[in-house]
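Participant: Supplied in structure tokens, the structure appears directly below.
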Ligand SMILES: Cc1cc2nc3c(=O)[nH]c(=O)nc-3n(C[C@H](O)[C@H](O)[C@H](O)COP(=O)(O)OP(=O)(O)OC[C@H]3O[C@@H](n4cnc5c(N)ncnc54)[C@H](O)[C@@H]3O)c2cc1C
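In our numbering, the protein residues as written are 109 to 538.
Below, the structure is given as structure tokens:
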């Protein structure tokens, strides 16, 4: 890997997500060698992926070069590599660009879409966890309308304009709202020769309410907002299969659709070597103690989505969200310095700052620590918070300008099929 051995201890961080980046920043003042490995050369701001999928933002505005995070830090290295195996007894990693040894290892690999072992769903459904997946979805949505224009079979046309989103968490709610706004504001202008009123947006939720990690009031209001926008919300419905054409559920309800978006779950993105079933906690996450040390290892730590810290308040670990990852990254940074200085470690304490979701223009719900509110003000707060946490000054400016432009012009100009998504439409012909 061409990384010189120095006199300083080597800390390897796998993953430049929210957790990995906040850890790097904390280590910058210490005499350590830090090696950041990521399979992408950029950090992804996942909360805004749905805006890339729906043409509201260009992908570059929610990504940040990881090399730039390390600029100005001596003895810090980045390598573009996927870690394929952890050899804990040898303190070595196997990667796609060779092997490397570590003194301390931090696993910050985040999570991946969980299809709960349903291979057919995994094959046909669209996931939205990475920028390439969001671009695939953007292309597919637009290609469906181009295809709908060409067919004179109205069953096929309806299936092409029917969108099914599974999962009523923030991702599902935000995507459904954005699609509904496209249907209302953009499709009639872009496709005057297509009856786009027949386009349908279905949001399917297994439980009895949307946004079930938020307050009842936020759930109710989000549902109201979605219905105002014309989204069909289906609750207590569990999807069982999708063959690329028909969505089947545990009830009699079925949908004919060319697009099923799976936003119904994530699981820890584990790496071979530490993925033994007996080691894993719920959701395929690595069990860690209060210092984020992986149970059974003194020199291996895990932070963010991949880490499951079970406490009295968090029996299933912390929520798989940006804040726990950022806060664990910072706390671990301070703890690694304490460890090297021979000082006692400080247990992690999560400061829950609340949660929020947006449904569309002037429509959002916020549950902050001591106050809950919905509507226009919540929408402004949502925008401010997302701009604040977005990494990179340029990204903040670009996103802000785009939002103002979209708001004033009722537009989403990034509706481009730059990289076509290969979809087999032949099954809709019979
Ligand atoms: C669509 C969507 C919307 C979301 N909205 C919100 C929201 O509104 N608010 C909120 O708080 N949270 C939201 N989240 C969740 C939030 O993004 C995650 O909780 C957060 O990103 C977790 O941070 P992390 O550092 O653990 O992992 P990540 O940010 O996922 O970073 C993991 C990194 O590890 C790298 N990696 C993975 N495996 C390997 C490997 N084997 N080798 C090398 N590199 C590897 C990846 O490339 C990635 O860069 C959303 C997530 C999604 C998908």
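Every residue, glycine too, gets a C-beta built ideally from N, C-alpha and C.
1) Report the rounded CA-to-CA distance for residue 432 versus residue 493, giving the unit in angstroms.
2) Just the C-alpha distance for residue 362 and residue 326, rounded to the nearest angstrom, thanks.
3) Assuming residue 350 is part of the alpha helix (DSSP H), what are its boundary residues?
4) Can you name, in chain order, every residue of its own chain whose Cβ lies under 6 Å from the Cβ of residue 424, other than the five neighbours on each side?
5) For residue 190, is the beta carbon positioned less than 8 Å from some heavy atom of ligand 1?
6) Rank 460, 420, 469 by C-alpha distance to the C-alpha of residue 479 and give the top, closest one.
7) By DSSP, does residue 234 sit in helix, in strand, or in coil?
8) Rounded to whole angstroms, what is the Cα-Cα separation between residue 309 and residue 228?
9) Could you please give the first and the last residue of the uninterrupted beta strand (DSSP E) stretch that includes residue 548?
10) Applying the criterion that 16 or more other CB atoms from any shown protein chain within 10 Å of the CB defines a buried residue, is residue 114 buried or exposed?
11) For my contact list, residue 222 and residue 374 are in at a C-beta cut-off of 8 Å; report their separation, rounded to the angstrom.
12) According to the neighbour-count rule (16 or more other Cβ atoms, all chains shown, within 10 Å of its Cβ), is residue 111 buried or exposed?
13) Could you pull the start and end residues of the alpha helix (DSSP H) that residue 298 belongs to?
14) If you follow the beta strand (DSSP E) that residue 219 is in, where does it begin and where does it stop?
15) How big is the Cα-Cα spacing for residue 217 and residue 415?
16) On the DSSP letters alone, give me the boundaries of the alpha helix (DSSP H) that residue 463 sits inside.
17) Rounded to whole angstroms, what's the CA-CA distance from residue 305 to residue 273? Just pull it up for me.
18) Between residue 278 and ligand 1, is there a pair consisting of the residue's CB and a ligand heavy atom that are separated by less than 8 Å?
19) Considering only residues of the same chain and omitting the five flanking positions on each side of residue 338, which have a CB-CB separation below 8 Å?
20) Identify the continuous alpha helix (DSSP H) that holds residue 508 and give its terminal residues.
21) Locate the beta strand (DSSP E) running through residue 274, then write down its first and last residues.
22) Taking buried to mean at least 16 other C-beta atoms within 10 Å of its own C-beta, is residue 535 buried or exposed?
23) For ligand 1, I want to know if residue 158 counts as a neighbour, meaning its beta carbon is within less than 8 Å of at least one of the ligand's heavy atoms.
24) For residue 472 and residue 140, what's the separation of their Cα atoms in angstroms?
25) How far does the alpha helix (DSSP H) with residue 480 in it extend, from its first residue to its last?
26) Compare the beta carbon distance of residue 407 and residue 219 with 9 Å and say whether it is the shorter of the two.
27) What does the Cβ neighbour count give for residue 195, buried or exposed, with the cut at 16 atoms within 10 Å?
28) Can you name the start and end residues of the beta strand (DSSP E) that residue 310 belongs to?
29) How many Å lie between residue 353 and residue 211 at the Cα?
30) Once DSSP output is grouped into helix, strand and coil, what is the label at residue 428?
31) Can the beta-carbon of residue 316 be found less than 9 Å from the beta-carbon of residue 344?
32) Quick check: the Cα distance between residue 491 and residue 475, rounded to an integer number of angstroms?
33) Name the DSSP beta bridge partners of residue 319, please?
34) How would you label residue 457, buried or exposed, when you count the other beta carbons within 10 angstroms and need 16 or more for buried?
35) Starting from residue 369, follow the beta strand (DSSP E) in both directions and report where the run begins and ends.
36) So who's on the other strand from residue 375, going by DSSP bridges?
Facilitator: On the basis of the coordinates in this document:
1) 16 Å
2) 28 Å
3) That residue, residue 350, is in no alpha helix (DSSP H); its beta strand (DSSP E) goes 347-350.
4) So the list reads 390, once near-sequence residues are dropped.
5) yes
6) 460
7) strand
8) 22 Å
9) Lying outside 109 to 538, the shown extent of the chain, residue 548 is not represented and no answer is given.
10) exposed
11) Indeed, because the Cβ distance is near 5 Å, the residues count as touching under 8 Å.
12) Exposed: under 16 other Cβ atoms inside 10 Å.
13) 295-298
14) Per DSSP, the continuous beta strand (DSSP E) segment holding residue 219 begins and ends at 219-221.
15) Going by the C-alpha atoms only, they are around 9 Å apart.
16) Membership of residue 463 in any alpha helix (DSSP H) is not indicated; the residue belongs instead to the beta strand (DSSP E) covering 463-468.
17) 18 Å
18) yes
19) Answer for residue 338: 288, 291, 292, 309, listed in chain order.
20) Per DSSP, residue 508 is one residue of the alpha helix (DSSP H) stretching across 501-517.
21) 270-274
22) exposed
23) yes
24) 43 Å
25) Residue 480 -> not in any alpha helix (DSSP H); beta strand (DSSP E) instead, spanning 480-482.
26) no
27) exposed
28) 308-312
29) Rounded to whole angstroms, the separation of the alpha carbons of residue 211 and residue 353 is 51 Å.
30) coil
31) Contact: yes.
32) 15 Å
33) Answer is none; residue 319 lacks a bridge partner.
34) Residue 457 comes out exposed.
35) 367-370
36) 220
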